[in-house]
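Structure, as structure tokens:
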Amino acid sequence: MAAALVVLALFVVSAAAQRVYVYEVESDVEITEDVPHVPGITWQFGEQLLVVWVPRDVKPGVILFTNETVFIPLYDRKYFLLVIPADARPSQRADAEAFLKTPDGTHPVAFRKPDAGILHTTAHGIEDALTTLKQIGLQPEYRGKAELIAKGDPDAGRETAAPTLPRRPSINSTFDVYGGLYFRQTLIERTGQVIIPVRGTQSACINLPYAAYVGYDAKSFVLGTLIIGGTVDADLIVEVYKIEFGGNCTFLGSRRFVLANRTIYLVDLINSTTSVDELAVFVMLDVRSFSGQPRVGVNASLIYTRTYRYGFEVGEFAARAAGGFVVHREVRRIVIGPYVAYDGYVAQTASSSLTLTLATEPVNGVCKDLQVRFTINSRSPSGTYTYSGRHLGLCIYDVYLPNIWEPSFQTEYFYAKAFGGGLAWVLDIEYTDGSTPYIVAMFLKNADAFRYRRWAEQWKTRPGVIERSWLFPFLSSAFELYATPTEPSPAPGIYHGLVTVRTNTVGQMFRAILSISGRYTHPGSDRAVYMKKAEIDIAMPLSVQTLDAVGAYLMPDYQLSSIAPPGWVREAFDVKRVVDFIMTLAGVVGRVAGLLGFATSEGLKSAGDSVMVQTLDYYTARITYRRGWYTNVTSDTIIIPLIIPYRRDSPTELEITRICLDGICAEPYLKAYVQPSTGYWTLVVALVKNWMFRAQVDSMIAYETSMR
Amino acid sequence: MRGMMRDQTAFFLLLVVVFSLLWFVWPWSWLVGVFIAGLVFLWSLFFVSCVGLGRGLVVVFGLVAAPLALAPVVEPLFLWYAVAPLAVFVVLVYAAYRAYDSLLWGFLFVVGSLWLHVIILAAVDLLTGGLLSQAFNIGFDVYVRWNVPLITFMDTMSLYISCKAVKLIFTYVKTRRG
Chain A
232 MAAALVVLAL
242 FVVSAAAQRV
252 YVYEVESDVE
262 ITEDVPHVPG
272 ITWQFGEQLL
282 VVWVPRDVKP
292 GVILFTNETV
302 FIPLYDRKYF
312 LLVIPADARP
322 SQRADAEAFL
332 KTPDGTHPVA
342 FRKPDAGILH
352 TTAHGIEDAL
362 TTLKQIGLQP
372 EYRGKAELIA
382 KGDPDAGRET
392 AAPTLPRRPS
402 INSTFDVYGG
412 LYFRQTLIER
422 TGQVIIPVRG
432 TQSACINLPY
442 AAYVGYDAKS
452 FVLGTLIIGG
462 TVDADLIVEV
472 YKIEFGGNCT
482 FLGSRRFVLA
492 NRTIYLVDLI
502 NSTTSVDELA
512 VFVMLDVRSF
522 SGQPRVGVNA
532 SLIYTRTYRY
542 GFEVGEFAAR
552 AAGGFVVHRE
562 VRRIVIGPYV
572 AYDGYVAQTA
582 SSSLTLTLAT
592 EPVNGVCKDL
602 QVRFTINSRS
612 PSGTYTYSGR
622 HLGLCIYDVY
632 LPNIWEPSFQ
642 TEYFYAKAFG
652 GGLAWVLDIE
662 YTDGSTPYIV
672 AMFLKNADAF
682 RYRRWAEQWK
692 TRPGVIERSW
702 LFPFLSSAFE
712 LYATPTEPSP
722 APGIYHGLVT
732 VRTNTVGQMF
742 RAILSISGRY
752 THPGSDRAVY
762 MKKAEIDIAM
772 PLSVQTLDAV
782 GAYLMPDYQL
792 SSIAPPGWVR
802 EAFDVKRVVD
812 FIMTLAGVVG
822 RVAGLLGFAT
832 SEGLKSAGDS
842 VMVQTLDYYT
852 ARITYRRGWY
862 TNVTSDTIII
872 PLIIPYRRDS
882 PTELEITRIC
892 LDGICAEPYL
902 KAYVQPSTGY
912 WTLVVALVKN
922 WMFRAQVDSM
932 IAYETSMR
Chain B
2 MRGMMRDQTA
12 FFLLLVVVFS
22 LLWFVWPWSW
32 LVGVFIAGLV
42 FLWSLFFVSC
52 VGLGRGLVVV
62 FGLVAAPLAL
72 APVVEPLFLW
82 YAVAPLAVFV
92 VLVYAAYRAY
102 DSLLWGFLFV
112 VGSLWLHVII
122 LAAVDLLTGG
132 LLSQAFNIGF
142 DVYVRWNVPL
152 ITFMDTMSLY
162 ISCKAVKLIF
172 TYVKTRRG
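Protein chains in written order, with the numbering used here: chain A, 232 to 939; chain B, 2 to 179.
So this is what it looks like as structure tokens:
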């Protein structure tokens, strides 16, 4: 039925602009992947109504990590525009799940997966929404407010928020894993068919370039679109292929949608039934016309079903914010983020311990109660709490998020991936009497803003077999940090740091690749100050006495540049040995030379960059990177392959117990798992990877060049 | 203060320590070479002033220290970081030789002062539970800055005491002999 309607849509879409009514809807039902349909109506979108998110309000707020004051919209999952054909006749049907009460009459509404694929569109406001609707060939008319009223209890059967811990899933458990696919932003320069190529250098199909790898057991697949720089009148065509043994692909089917900006489409061809086979997708546009120089960005969000068999398929992600921020202005919104939404979020493992202290000006000498509404990405709620202030000259509020609302996190993560975006906390703050607080400063406790377990790869595991892809997972565990500097600085700079652990590497199962990035940026300045020092403490249930590491810079062109003292500094070390010997003969040994010896030898030692491993105890090692005062490498990232000692018959848990990036320290206890060195039969599969980190979407990037 | 100005060594001690305090705000860049050169230069003047400082020595120590500052511009000069301590040592011995008119005495003055000062430092380290060792081990660090002024203060103070003590011993011995 749905397929027939879509085919019908193909023919109708190019017909004359259809008149539609647009209602501003207050709903007692939250819109999810099941969208409103009006049974019995027939138009180019089947029985479906179009949902357009618009902000409920727009208020001044501060984006913490850029120190900007901007107007920040707040969306509400129960507030949106509904688009319905103008010729739809109101009726009262008993099988309706809800009723849409409009100034033009009441329509029965049923919720299900969208007939026409469009889940929803997002707009900046009603005018923007009307423009978007015109761009997709409709003739919209705003008809005022409406209500969407559920029959019975609207919240019945809905998942309620439950506190969760980022626990390690138990072996042989099956769960949902969220991930993304990424396509290259494409400039539209002509009409007709335009391919949207997958990011990366390899196609999932030997016989079809630019196809993206989906893989096995994908239960849900959506595409998100972003159009900038112009407008496009086009159809979005998604072709689904089965990857045959050997790498050739055979066509399974396709879906065709009307292309609209900031819109999410559900591709029902990829589901639990079809993805029993290994799948790939190919995306293109059929452009009828365009204006300006439009660039079309397409990204995909997927939910996979995965079984955790071996104990090394999951990693962990933790994002933090730390430091003090001077604000001195009236603020209704605080944005903390955005953080990278790393692929592979394992459902039911999200947590947050977001904690901040707000200092406000007292109002008439009194600290009024402060209400904080926590939302993720300015849309999905995670609770509203009231905090009392302590009067200490200023009013001090200790704001603490008791727990994250997992369903909200899942929803926002899923949508964020569809736009290749990240995750941010957006706090809506006001006094309980509705007035706006004047915030003097705020302090973020060094605590997790977001934390979750992540599936380390796009691949599934099979009993008794390990696929070759697992030998070099793209990224296992990651720690992301935003902080204000601890050093005095002329402008309020922001520090952004990232530590990742890849728990294996190309063809070798006894290494973990540590990458450390860090940079200061100053709002309003393009100049970045690269990381100067990093300390990572890593613990493992093995002796670290033989743990060894060499480091290299990851250069902007993705080449590696080894970390070693400059040539003449190295020579100087050799000369120094001779001079030290002469000095020793003269009776001046070691520290006898005092400040003179200290200044020259330490000056020499600290001139060049260095990476060193230090044993803290039997199980813990400290890896230290120092940027020398003489060197000037334009890279903010270093790569350190760690040689994990011994043969291991079971997965090894690595734990990063402490991270200090440029003097900003955290104890994240971030976990990553290294495969055993023995015990599995290896299956060779295609070397295509899509899961993204710094836009590296090709597994063939080797971190080993010129390193032992 | 006036007494200090009369005591040239004390004056230079103060100068080295004050200079070392600049380390708290010194940028982590090629300018570190300038800081090291300054420290070596002032420390050398401080030490040599214990036996007598002339203009010629100021110029010589200036020439010894300058390559340390210039190394980031002319990279081969980094070799001087290895050689400079020996050069300073030789000039110090020469200065002491001029003061005592004997190469052996000059040599013994420099080595004796250095050894005595390191013994004092070791004692301080012991009394402070390894604080000095910790300070030395930190080296030049981009973020940990307290150690350099501390080392400078302790090193120059102990060297001040030790060189004065060695001087006294030498005077005593010479008097006994004389």
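Note that the Cβ used here is the ideal one computed from N, Cα and C, for glycine as well.
Residue i - DSSP class collapsed to helix/strand/coil
i, result
"H753 (chain A)", "coil"
"Q790 (chain A)", "coil"
"Y173 (chain B)", "helix"
"N148 (chain B)", "helix"
"Q424 (chain A)", "strand"
"W656 (chain A)", "strand"
"P77 (chain B)", "helix"
"P86 (chain B)", "helix"
"K691 (chain A)", "coil"
"Y616 (chain A)", "strand"
"P638 (chain A)", "helix"
"N438 (chain A)", "coil"
"P371 (chain A)", "strand"
"T504 (chain A)", "coil"
"N138 (chain B)", "helix"
"M762 (chain A)", "coil"
"L14 (chain B)", "helix"
"E255 (chain A)", "strand"
"E509 (chain A)", "coil"
"W274 (chain A)", "strand"
Residue range of the beta strand (DSSP E) that includes residue i
i, result
"C891 (chain A)", "T883 to L892"
"C896 (chain A)", "I895 to A897"
"I121 (chain B)", "Careful: I121 (chain B) lies outside any beta strand (DSSP E), inside the alpha helix (DSSP H) at L104 to L128."
"Q602 (chain A)", "L601 to I607"
"R563 (chain A)", "Careful: R563 (chain A) lies outside any beta strand (DSSP E) and carries neither H nor E."
"N677 (chain A)", "Y669 to W686"
"E802 (chain A)", "Premise fails: E802 (chain A) lies in the alpha helix (DSSP H), G798 to L816, not in any beta strand (DSSP E)."
"E261 (chain A)", "Note, E261 (chain A): premise wrong, no beta strand (DSSP E); not H, not E."
Beta-carbon contacts of residue i that lie in its chain and below 8 Å, excluding the five residues immediately before and after
i, result
"G542 (chain A)", "I402, S881, P882 and Y904"
"E661 (chain A)", "R563, L601, Q602, T667 and P668"
"L169 (chain B)", "none"
"S720 (chain A)", "Confidence at S720 (chain A) is low in this model, with a pLDDT of 43, below 50, so its placement is unreliable and the value that follows should be read with caution. Within the same chain, S720 (chain A) has close Cβ partners Y751 and H753."
Classification of residue i by the beta-carbon crowding that lies within 10 angstroms, buried from 16 upward
i, result
"I813 (chain A)", "exposed"
"L32 (chain B)", "exposed"
"N492 (chain A)", "buried"
"S843 (chain A)", "Just to set this straight, residue 843 (chain A) is Met in the shown sequence, not Ser. Under this definition M843 (chain A) is an exposed residue."
"Y373 (chain A)", "exposed"
"L127 (chain B)", "exposed"
"L93 (chain B)", "buried"
Cutoff 6 Å; reference residue i; Cβ partners in own chain excluding five residues on either side
i, result
"R889 (chain A)", "D768 and E898"
"A387 (chain A)", "For A387 (chain A), the pLDDT reaches just 48, beneath the cut-off of 50, and the residue's location in the model is therefore unreliable, leaving the point undetermined."
"W44 (chain B)", "V17"
"A449 (chain A)", "I501, S506, L533 and Y535"
Rounded distance between the beta-carbons of residue j and residue i, thought under 8 Å
i, j, result
"R551 (chain A)", "N677 (chain A)", "6 Å"
"V671 (chain A)", "H559 (chain A)", "6 Å"
"L873 (chain A)", "L785 (chain A)", "Not a contact, Cβ separation roughly 16 Å."
"L280 (chain A)", "A329 (chain A)", "Not really, about 11 Å apart at Cβ, beyond 8 Å."
"T851 (chain A)", "V775 (chain A)", "6 Å"
Residues near residue i by beta carbon distance below 7 Å, same chain, minus five either side
i, result
"R389 (chain A)", "Confidence is the limiting factor: at R389 (chain A) the pLDDT is only 45, short of 50, which leaves the residue's position unreliable and the question unanswerable from this model."
"E475 (chain A)", "T481"
"A166 (chain B)", "L117"
"V469 (chain A)", "L454, S485, R486, V498, V512 and V514"
Range of the contiguous alpha helix (DSSP H) that encloses residue i
i, result
"Q579 (chain A)", "Looking at the DSSP string, Q579 (chain A) is not in any alpha helix (DSSP H), and its letter there is neither H nor E."
"L295 (chain A)", "Looking at the DSSP string, L295 (chain A) is not in any alpha helix (DSSP H), and its letter there is neither H nor E."
"D359 (chain A)", "I357 to Q366"
"P1 (chain B)", "There is no way to answer for residue 1 (chain B), as the model of chain B reaches only from 2 to 179."
"L835 (chain A)", "G825 to K836"
"A38 (chain B)", "V33 to V49"
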